[in-house]
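**Q**
Numbering (this note's numbering), first residue to last: 19 to 342.
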């Protein structure tokens, strides 16, 4: 989210160079197009829109069964932004400082196999049930992108999955959907206050990474994208946006600027479902209350609108007009 980190110009240049070097699919002798070792035959999206992000398959190493610490022993500052997840009676926090470098965490929480995902290019932290057709899948980072969003893959079938769509775009799982679980992007201080017995990821990941810095940094405040995606000009491309949607495709967006102008707390309705959205401009974090069948996604504005072109959008005038 804007204001959370700092990207050096040479990092952006490196990404652009890697994209230019690896954007084209490989095709030889009439074979199906492939990229990073993935066959793109029968893709549900145009193959030419699936791009190499630069790193090869697993060049960004996903974590599995990570080491965790108790809140009392964790080294994280209260201001650190985390993805917080509660399953059953078990709470766990996944710091963005780690997710920026690994993007995926295959974990088990509250007895459930979960996948914690974070796409730094789209600002999307999404948590899924790893069970597909009752079989537990293990996911890796493909190194590929669609509309600037990460494509993950399951190691069992090598199907490619869109994070934001939560759907398989290629492979044996084509068309199947991952179940999105409720999570929240918030500060470590706020999360451990809410769940004092929470655990949190340890810095001992088994990989040598500088978790004190982000390779994306000022990208979160820039108007530029590193990779192409449709742009809706109504808001800053990286405007923090809380999106809600139903499985049938109905979607509504709550841009942070509009929620702030509307008083910071908004009551809404999505197809008869009551929703409450709050936004704290100091910590740049959302909080939401919604029924379980409402999917909640926090994203940059460009990412939400690119994947939900027919989304309705809350504006502050709605809140003003509804006041007596």
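Ideal placement from N, C-alpha and C gives every residue a C-beta, glycine not left out.
Please identify the residue among 114, 107 and 110 whose C-alpha is closest to the C-alpha of residue 97.
**A** Within the chain shown, residue 97 is the residue found at index 79, counting from 1. It is 114 whose Cα lies nearest to the Cα of residue 97.
**Q** Beta-carbon separation of residue 103 and residue 145 under 7 angstroms?
**A** On the chain shown, position 85 is the one that residue 103 refers to. On the chain shown, position 127 is the one that residue 145 refers to. Yes; because the gap between Cβ atoms is below 7 angstroms, this pair is in contact.
**Q** So, is residue 133 buried or exposed, given that buried needs 16 or more other C-beta atoms within 10 angstroms?
**A** Here residue 133 corresponds to residue number 115 of the chain shown, with the count starting at 1. It counts as buried.
**Q** Using DSSP with H/G/I as helix, E/B as strand and the rest coil, what is residue 43?
**A** Residue numbering aside, residue 43 sits at position 25 when the chain shown is read from its first letter. The predicted position of residue 43 is uncertain, since its pLDDT is 47 and thus under 50; a value taken from the coordinates is nonetheless stated next. Three-state DSSP puts residue 43 in coil, outside helix and strand.
**Q** In chain order, what residues of the same chain have a beta carbon less than 7 angstroms from the beta carbon of residue 82, not counting five sequence neighbours either side?
**A** For this step, residue 82 is matched to residue 64 along the chain shown. So the list reads 124 and 156, once near-sequence residues are dropped.
**Q** Taking Cβ to Cβ, would you say residue 270 is nearer than 7 angstroms to residue 288?
**A** Here residue 270 refers to the residue found at position 252 of the chain shown. Here residue 288 refers to the residue found at position 270 of the chain shown. Contact: yes.
**Q** If you run the structure through DSSP and keep just helix, strand and coil, what is residue 350?
**A** The structure shown does not extend to residue 350, since the chain is modelled only from 19 through 342, so no value can be given for it.
**Q** Rounded to the nearest angstrom, how far is the Cβ of residue 99 from that of residue 203, given a contact under 8 angstroms?
**A** Reading the chain shown from its first residue, position 81 is the one you call residue 99. Reading the chain shown from its first residue, position 185 is the one you call residue 203. Correct: roughly 6 angstroms between the Cβ atoms.
**Q** Along the chain, where does the beta strand (DSSP E) that runs through residue 325 open and close?
**A** In the chain shown, counting from the first residue as 1, residue 325 sits at position 307. Counting along the chain, residue 325 falls outside any beta strand (DSSP E), though it belongs to the alpha helix (DSSP H) covering 319-325.
**Q** Could you spell out the range, first to last residue, of the beta strand (DSSP E) harbouring residue 86?
**A** Counted from its first residue, the chain shown places residue 86 at position 68. From DSSP, the beta strand (DSSP E) with residue 86 extends over 86-88.
**Q** Counting only runs that start and end within the stretch 67-110, where is the beta strand (DSSP E) found for 3 or more residues in a row?
**A** Segments of the beta strand (DSSP E) lying fully in the stretch 67-110: 68-70, 86-88 and 99-105.
**Q** Below 7 angstroms between beta carbons: does that hold for residue 163 and residue 71?
**A** Here residue 163 is taken as the residue at index 145 of the chain shown, counted from 1. Here residue 71 is taken as the residue at index 53 of the chain shown, counted from 1. A contact, by the Cβ cut-off of 7 angstroms.
**Q** Contact between the stretch 239-247 and the stretch 298-305 is defined here as three or more beta-carbon pairs at a separation below 8 angstroms; is this criterion met?
**A** As far as the Cβ criterion goes, the stretch 239-247 does not touch the stretch 298-305, which means the pair count is below three.
**Q** Tell me whether residue 332 sits in a helix, a strand or coil according to DSSP, three-state version.
**A** Counting from one through the chain shown, the residue named residue 332 turns up at place 314. It is coil, neither helix nor strand.
**Q** For a test of the three-state rule: what should DSSP assign to residue 281, helix, strand or coil?
**A** On the chain shown, position 263 is the one that residue 281 refers to. Coil at residue 281, not helix or strand.
**Q** Quick check on the burial criterion: 16 or more other C-beta atoms within 10 angstroms. Buried or exposed for residue 258?
**A** Mapped onto the chain shown, residue 258 falls at position 240. Per the 10 Å Cβ criterion, buried.
**Q** Check whether the stretch 217-235 touches the stretch 116-130, counting contact only when three or more Cβ pairs, one atom from each stretch, lie closer than 8 angstroms.
**A** Segments in contact, yes.
**Q** Starting from residue 226 and walking both ways along the alpha helix (DSSP H), at which residues does that stretch end?
**A** Counting from 1 along the chain shown, the entry for residue 226 is found at position 208. From DSSP, residue 226 is part of no alpha helix (DSSP H); its letter is neither H nor E.
**Q** Cα-Cα, which of 337, 60 and 225 is closest to residue 279?
**A** Counting from one through the chain shown, the residue named residue 279 turns up at place 261. If we check each option's Cα against that of residue 279, 337 comes out closest.
**Q** For residue 13 and residue 254, I'd like the C-alpha separation in whole angstroms.
**A** Limits of the chain in this structure are 19 at one end and 342 at the other, which puts residue 13 out of reach.
**Q** Kindly indicate the opening and closing residues of the beta strand (DSSP E) around residue 208.
**A** Residue 208 sits at position 190 when you count from the first residue of the chain shown. Looking at the DSSP string, residue 208 is not in any beta strand (DSSP E); the run it does join, the alpha helix (DSSP H), is 206-212.
**Q** Assuming the contact rule is C-beta atoms closer than 8 angstroms, residue 263 and residue 313 should be a hit. Round their C-beta distance to whole Å, please.
**A** Within the chain shown, the letter at position 245 stands for residue 263. Within the chain shown, the letter at position 295 stands for residue 313. Confirmed, Cβ separation roughly 5 angstroms.
**Q** Report all residues from its chain with a CB closer than 7 angstroms to the CB of residue 58; omit the five preceding and five following residues, and keep chain order.
**A** As a position in the chain shown, residue 58 is number 40, starting the count at 1. Result list for residue 58: 43, 50, 51, 52, 65, 68 and 188, in chain order.
**Q** When you compare the CB positions of residue 166 and residue 247, do they come within less than 7 angstroms of one another, or not?
**A** Taking the chain shown and counting its residues from 1, one reaches residue 166 at position 148. Taking the chain shown and counting its residues from 1, one reaches residue 247 at position 229. Closer than 7 angstroms, so yes.
**Q** Do you know how far the Cα of residue 61 is from the Cα of residue 46?
**A** Here residue 46 corresponds to residue number 28 of the chain shown, with the count starting at 1. Here residue 61 corresponds to residue number 43 of the chain shown, with the count starting at 1. Only weak support exists for where residue 46 lies, its pLDDT of 44 falling under 50; the value from the coordinates is given anyway. So the two alpha carbons sit approximately 18 angstroms from each other.
**Q** With burial defined as no fewer than 16 other Cβ atoms inside 10 Å of the residue's Cβ, what is the status of residue 311: buried or exposed?
**A** Residue mapping note: residue 311 aligns to position 293 of the chain shown, counting from 1. Burial call: exposed.
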